[in-house]
Structures are given as C-alpha cells and as structure tokens.
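> Below: one structure in structure tokens.
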Amino acid sequence: MAKAITPRSVDYSEWYNDLVIRSGLADYSAVRGCMIIKPLGYALWENMRAVLDRMFKETGHVNAYFPLFIPKSFLSREAQHVEGFAKECAVVTHHRLKLAEDGSGVVVDPDAKLEEELIVRPTSETIIWHTYRDWIQSYRDLPLLINQWANVVRWEMRTRPFLRTAEFLWQEGHTAHATREEAIAEAERMLDVYARFAEEYMAMPVVRGVKTPSERFAGAEETYCIEALMQDGKALQAGTSHFLGQNFAKAFDVTFLDQHNQRQYVWATSWGVSTRLVGALVMTHSDDDGLVLPPRLAPLQVAIVTIPTVEEPQMTVARELAEQLQRIGISVTVDTDETKRAGFKFAEYELRGVPVRIAIGKRDVEADTVEIARRDTKEKATVPRAAAVEHVRGLLDEIQQNLLRRARQFVADNTHTVETFEEFQRVLDERGGFVLAHWDGTAETEARIKELTKATIRCIPLDGAPQEGRCILTGKPSSRRVLFARAY
698 MAKAITPRSV
708 DYSEWYNDLV
718 IRSGLADYSA
728 VRGCMIIKPL
738 GYALWENMRA
748 VLDRMFKETG
758 HVNAYFPLFI
768 PKSFLSREAQ
778 HVEGFAKECA
788 VVTHHRLKLA
798 EDGSGVVVDP
808 DAKLEEELIV
818 RPTSETIIWH
828 TYRDWIQSYR
838 DLPLLINQWA
848 NVVRWEMRTR
858 PFLRTAEFLW
868 QEGHTAHATR
878 EEAIAEAERM
888 LDVYARFAEE
898 YMAMPVVRGV
908 KTPSERFAGA
918 EETYCIEALM
928 QDGKALQAGT
938 SHFLGQNFAK
948 AFDVTFLDQH
958 NQRQYVWATS
968 WGVSTRLVGA
978 LVMTHSDDDG
988 LVLPPRLAPL
998 QVAIVTIPTV
1008 EEPQMTVARE
1018 LAEQLQRIGI
1028 SVTVDTDETK
1038 RAGFKFAEYE
1048 LRGVPVRIAI
1058 GKRDVEADTV
1068 EIARRDTKEK
1078 ATVPRAAAVE
1088 HVRGLLDEIQ
1098 QNLLRRARQF
1108 VADNTHTVET
1118 FEEFQRVLDE
1128 RGGFVLAHWD
1138 GTAETEARIK
1148 ELTKATIRCI
1158 PLDGAPQEGR
1168 CILTGKPSSR
1178 RVLFARAY
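Residues 698 to 1185 (this note's numbering) are what the sequence shown spells out, left to right.
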C-alpha cells in the first residue's frame, strides 16, 4: 500500500516530497542529487515552456542552442562570474574509458586526458559571448535577442526535487544591445514577462524587485527578480533578469561599429526561469489530498468517470461530452479502467490535480444531467447535460481566477511591516512570511541579519515608495523598506 501524504501541518517539507512522488511528478534517480521527471511533471513543464516560448517570441526573441561543454579558460575571463560558479562546476577531464586489466569493469583511460578541461554548463554566458564576438560587427547586428532551452548542472550538495537539483531544465536568454538604456529596458521587460506568466498562468502572485549587491548574479551590474511566497511562509525566487553592463563584452572583446563609425562595446542582459517553477506551483496551491493545478497549465483539465464503467448509456454520454469539450480546446479523458472503483478514481484525479471531474451515473443519464466537481474548492454541482460544456468552460476560468485570488489573499495576510529588530524576529519565528523593514544599505548589516535570523533580503521592491526610517538592526538612516523572508 502506498505511503499516505504527510499533512502540511505536521511536516511541510515531507508533505512536499511525498506529494511530488505520489502524484507522479518526479522520482528519485540513481544519480545523487538528480531527479527523474515523470510524464505528468514533464507535461506540466512542457505547458509552461510552450507559453513562455510564445511570450518570448512575441517580444522579438528567437531560439538557438549552444554546447553543453565550456572550455575551462572561458570561465576565467570574467572574475566575478567564475567566483560565483566555481564551487558548483562539474569538470570533464578525460574523453575515454577502457576495460580494466583484471576484467572488473571499466576505468578511465589515463592516456585520454583532455588538453583543456571542459566545464559542464552551469550557465552559458561565457560560451555565448565568445560566439557573439563573431556574430556582432555593426550596429545593424543589434539588438541580438537569443533564447536557449537547455539543461544545466550545478553541483548542489543539498537537493530537493524541482526546487534544487544538480541537473535541471531551464531557459536562458542572452541579449546584446547598442546602448545601456536599451539593455536595462530589456532586462526590465523580461522581468515583466516572467511576472505576467506567474500571475496569469501559474495563478501565483509575485513581488517584483531588485536584488541587493551581495545577492546579484555573478558578473551582473543589476539583478531583477520575482519573489513568491509559499504556504509555509518561506519565499521562493521564481525568476531573474540581469543587466550585465559591458562586463562580458569586455571579457570576450565583443564590439561593434556604431552609426558614427566608432567602435563600442555592446551592452548585455541575461534572464532565466527553470523547472523550479513546477515546485513553486505545487507549494503555492496544493493541499493534503494532492496537487491543485491551475487550468491554464494543467496537462489534463477534465476527467470524466462513468459509474459503473461498463454501462453503455453512460459511456455514450461521456464520449459525446468529451468530443464537445475537445472541440473547444479543453483537454479531457474518459476513464474506461474497469479494475478501479469510482471512489478510487476520484481520489486519483484529486491527487493528480485535475481541475474538473465529471461523474456520469445511471440516474444522471435518466435525468439528462451530469455531476461536476471542481478541484480547488471540492464543490459539486448537478448540471443539465445540454449546459455542461459551457458550465465547464466557465468553471475552468473561475478556478483559474479563484486560485489567484486565494494566493493573493495569502500573501496579503502574510506580509508584515515591522519597526524594530525584536518585532522582526518575533514575526519570523511566530508567523513567517514576507517582512517589510528598514535596512541601512550595508552588506555587513545584511549579513548580520541573516546570521541572526536566517532571513535574507529577497529584494528591494520596485513598487515600494521611498520612506525615511531607521535600520531595524543598527538604527542608522534608511531611505526605504526592503523585503525580508526566510527562503528556499
């Protein structure tokens, strides 16, 4: 018998791990720190990818693909960048195996050592900017707006499915521009794309902000981010967009002739989201009975269950209804498995987060009705069969909006404004959530607060108005509140 899902109130971390495995999103792999993304999890990622890819292309970007392996010397070109990733890099030193002399298996062939070690891609700035040096010659080649869908490897020691794994899937945009202003506008535009995707498709409200200097991406001049709040009161960084200035252009000598025939270094951005979004989706909406998926991303939006399965009148109604729903673009399945009872099926579809379930029994056929249940509230309604399609269409929209409303209310209820360090500590320990507080702007104070409370500055909110105050720790002057939280 399968292990029951640990309730959120008992152990939130265990609840998450149980739910990811039991619902069929992912499984553990033979490689420590890596996961297997199962069909449901991958279908969810494919839906996310399809929407984001369309949004990227609507903003003028095109897709390309760059090598998985990066020469070690490339990472030495930009000092901050290599320092930021050095401890997470997987390194390829040899290119061949051979049979052991004692027949015990294979060993690394010592004669196959590479002249230069290769780094398994932790991120692609270096190899892409080495390539851009040949692609960019004139202002006519700009802007260059490239996105890549790929996998990356960062050798994490403490891992959790989707949230932090040694290998993960993501997209990374890398753009080149003629001016500083264009590059900053691009970084801000892509942050807006991520925020709209999170709210309009994931039904996950986010705070848009700027990272502090100590939290910036390695090699960036500015890092923009979206921060989400999970049900346990911890924050999750859901996407980042970086203004890279001319750092990588200078490191890889990427220049162009401007309209006045003067040679200039280009200005750069990079931005990305990953399969971490799947974990964010799980923790934002799901409950003790399983996944709760927003209809706009759910791989399966409607499940039709006939009771009993083998009765032809119910099956006829189910198939007709399924065809009508499919014609208007709704993904639907008719469950014909005769080995499982209806109650078991209902529980399975709840576990897998299917937004709408339709039950059709003998009495429903006789009354020309169907029973429709929604996953988000568990409410059921008996609906005339003739009105079922329009009811489901409207219900999917209502579920999408309800999930966003519910998540926004949770964020509002768990965002606290504090004035003193004692109040700051008490809120974090007793309530968690986002905490708005004054900070004196120094890295020393930021590090000290983290050391004392395990809370970090998630961002300086972009919509936060200047407000004079005093730092909660040092009492020094502060010009605005920043967003603190304990985080994943």
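All residues carry an ideal CB built from backbone N, CA and C; glycine is no exception.
For the alpha helix (DSSP H) that M887 lies in, which residues bound it at each end?
Against the sequence shown, residue 887 aligns to sequence position 190. From DSSP, the alpha helix (DSSP H) with M887 extends over R877 to E897.
> In chain order, what residues of the same chain lie with their CB nearer than 6 Å to the CB of A925, ignoring the 5 residues before and after it?
Looking up residue 925 in the sequence shown gives position 228. For A925, where only same-chain residues beyond five positions count, the Cβ hits under 6 Å are M901, V903, L933, A935 and A977.
> Smallest Cα separation from K922: which of F865, D929, R893 and V979?
By 1-based counting over the sequence shown, the position of residue 922 is 225. Note on identity: in this sequence residue 922 is Cys, with Lys being the wrong assignment. Looking at the Cα atoms, R893 is the closest of the given residues.
> What is the DSSP secondary structure of R1167, reduced to helix, strand or coil?
Reading the sequence shown from its first residue, position 470 is the one you call residue 1167. In this structure, R1167 counts as strand in the three-state DSSP scheme.
> Going by the C-beta, is I1069 closer than 7 Å to any heavy atom of the ligand ATP?
Absent from the structure shown: the ligand ATP. Ligands present: none.
> Entirely within the region 995-1019 and at least 3 residues each: give me those beta strand (DSSP E) ranges in chain order.
Correct list: 999-1004.
> Work out the CA separation of G757 and V1089 for me, nearest whole Å.
Against the sequence shown, residue 1089 aligns to sequence position 392. Against the sequence shown, residue 757 aligns to sequence position 60. Computed Cα separation, rounded: 35 Å.
> Check each candidate in E869, Q1021 and M752 and name the one with the smallest Cα separation from Q845.
Residue mapping note: residue 845 aligns to position 148 of the sequence shown, counting from 1. Of E869, Q1021 and M752, the residue nearest in Cα terms is E869.
> When you compare only the Cα positions, how much space is there between C1168 and S1028?
Stepping through the sequence shown from its first residue, residue 1168 is reached at position 471. Stepping through the sequence shown from its first residue, residue 1028 is reached at position 331. Near 52 Å, if we compare the C-alpha coordinates of S1028 and C1168.
> Which runs of the alpha helix (DSSP H) spanning at least 4 residues fall entirely within the region 699-739, listed in chain order?
The qualifying runs are 709-719.
> Mapping the DSSP letters down to three states, classify K1042 as helix, strand or coil.
One-based indexing of the sequence shown puts residue 1042 at position 345. Helix at K1042.
> With distances taken Cα to Cα, identify the nearest neighbour of Q777 among A948, A1085, Q998 and T966.
Taking the first residue of the sequence shown as 1, we reach residue 777 at position 80. Measuring from the Cα of Q777, the nearest candidate turns out to be A948.
> Once the 5 residues before and after A747 are set aside, which same chain residues still bring their CB inside 8 Å of it?
Position 50 of the sequence shown, counting from 1, holds the residue named residue 747. Taken in chain order, the list of residues that qualify is empty.
> Please report the straight-line C-alpha distance between I1096 and I1069, rounded to a whole angstrom.
Position 399 of the sequence shown, counted from the first residue, corresponds to residue 1096. Position 372 of the sequence shown, counted from the first residue, corresponds to residue 1069. The alpha-carbon atoms of I1096 and I1069 are separated by roughly 13 Å.
> With distances taken from CA atoms, which of P704, D955 and E1009 is nearest W964?
Taking the first residue of the sequence shown as 1, we reach residue 964 at position 267. The residue with the shortest Cα to Cα distance from W964 is D955.
> If you scan the region 921-975 from start to end, which runs of the beta strand (DSSP E) of 3 or more residues do you find wholly inside it?
Within the region 921-975, the complete beta strand (DSSP E) runs of at least 3 residues are 932-942, 952-954, 960-962 and 964-971.
> Would you mind working out which of S1175, T966 and V1179 sits nearest T1153, comparing C-alpha positions?
Within the sequence shown, numbered from 1, the residue matching residue 1153 stands at position 456. Closest by alpha carbon: V1179.
> In three-state DSSP terms, what is R905?
Here the question's residue 905 lines up with position 208 in the sequence shown. It is a strand residue.
> Under the rule that 16 or more other beta-carbon atoms within 10 Å means buried, what is H792, buried or exposed?
Numbered from 1 along the sequence shown, position 95 holds the residue referred to as residue 792. With fewer than 16 Cβ atoms within 10 Å of its Cβ, H792 is classed as exposed.
> Let me make sure I understand the geometry here. Which of L974, E1045 and L1048 has the alpha-carbon closest to that of W742?
Translated into the one-based positions of the sequence shown, residue 742 becomes position 45. Nearest option by C-alpha distance: L974.
> Starting from the N-terminal side, write out each stretch of the beta strand (DSSP E) that is 3 residues or longer and does not extend beyond the region 768-819.
The region 768-819 contains these whole beta strand (DSSP E) runs: 787-791, 794-796, 803-805 and 810-817.
> To which residues of the same chain is G781 closer than 6 Å at the C-beta, ignoring the five residues directly before and after it?
Locating residue 781 in the sequence shown gives position 84, where the first residue counts as 1. Answer for G781: A915, listed in chain order.
> D985 to F1043, Cα distance in whole Å?
Position 288 of the sequence shown, counting from 1, holds the residue named residue 985. Position 346 of the sequence shown, counting from 1, holds the residue named residue 1043. Distance between the alpha carbons of D985 and F1043: 15 Å.
> What residue range is occupied by the uninterrupted alpha helix (DSSP H) comprising W832?
For the purposes of this step, residue 832 is taken as residue 135 along the sequence shown, with counting starting at 1. Counting along the chain, the alpha helix (DSSP H) containing W832 begins and ends at E822 to W832.
> Who are G870's beta bridge partners in DSSP?
Locating residue 870 in the sequence shown gives position 173, counting from the first residue. Answer is N844 and W968.
> With a cut-off of 8 Å on the beta carbons, I'd call H871 and S821 a contact; round off their distance for me.
Your numbering for residue 871 matches position 174 in the sequence shown. Your numbering for residue 821 matches position 124 in the sequence shown. That belief holds up - the Cβ atoms of H871 and S821 are roughly 7 Å apart, short of 8 Å.
> Nearest-angstrom Cα distance between R1082 and R1024?
Reading the sequence shown from its first residue, position 385 is the one you call residue 1082. Reading the sequence shown from its first residue, position 327 is the one you call residue 1024. Going from the Cα of R1082 to the Cα of R1024 covers about 16 Å.
> Over what stretch of residues does the alpha helix (DSSP H) that includes T1150 continue unbroken?
For the purposes of this step, residue 1150 is taken as the residue at position 453 of the sequence shown. A1140 to T1150 is the extent of the alpha helix (DSSP H) around T1150.
> Would S1150 pass as a contact of L1133 if the rule is Cβ separation under 8 Å?
Your numbering for residue 1150 matches position 453 in the sequence shown. Your numbering for residue 1133 matches position 436 in the sequence shown. In the sequence as displayed, the identity of residue 1150 is Thr instead of Ser. No, the pair does not count as a contact, with Cβ atoms beyond the cut-off.
> Can you tell me whether M899 is buried or exposed, with buried defined as 16 or more other CB within 10 angstroms of its CB?
As a working note, residue 899 is residue 202 in the sequence shown. Buried, since its Cβ has 16 or more Cβ neighbours within 10 Å.
> Tell me whether T1033 sits in a helix, a strand or coil according to DSSP, three-state version.
Locating residue 1033 in the sequence shown gives position 336, counting from the first residue. Correct three-state label for T1033: coil.
> Quick check on H957: buried or exposed, where buried means 16 or more other Cβ atoms within 10 Å of its Cβ?
As a working mapping, residue 957 is identified with position 260 in the sequence shown. Classification of H957: exposed, given that the 10 Å Cβ count is below 16.
> Is it the case that the region 1053-1066 contacts the region 703-720, given that we only count it when at least three CB pairs across the two stretches are under 8 Å?
These segments do not touch.
> Could you have a look at I1096 and say whether DSSP puts it in helix, strand or coil?
Position 399 of the sequence shown, counting from 1, holds the residue named residue 1096. In the structure shown, I1096 sits in a helix (DSSP, three-state: H, G or I).
> Of the residues L772, T1013, C786 and T1066, which one's Cα is nearest the Cα of T1033?
The sequence position of residue 1033 within the sequence shown is 336, counting from 1. Answer by Cα proximity: T1013.
> Smallest Cα separation from P992: which of L888, D1073 and E1008?
As a working note, residue 992 is residue 295 in the sequence shown. Nearest C-alpha to P992: D1073.
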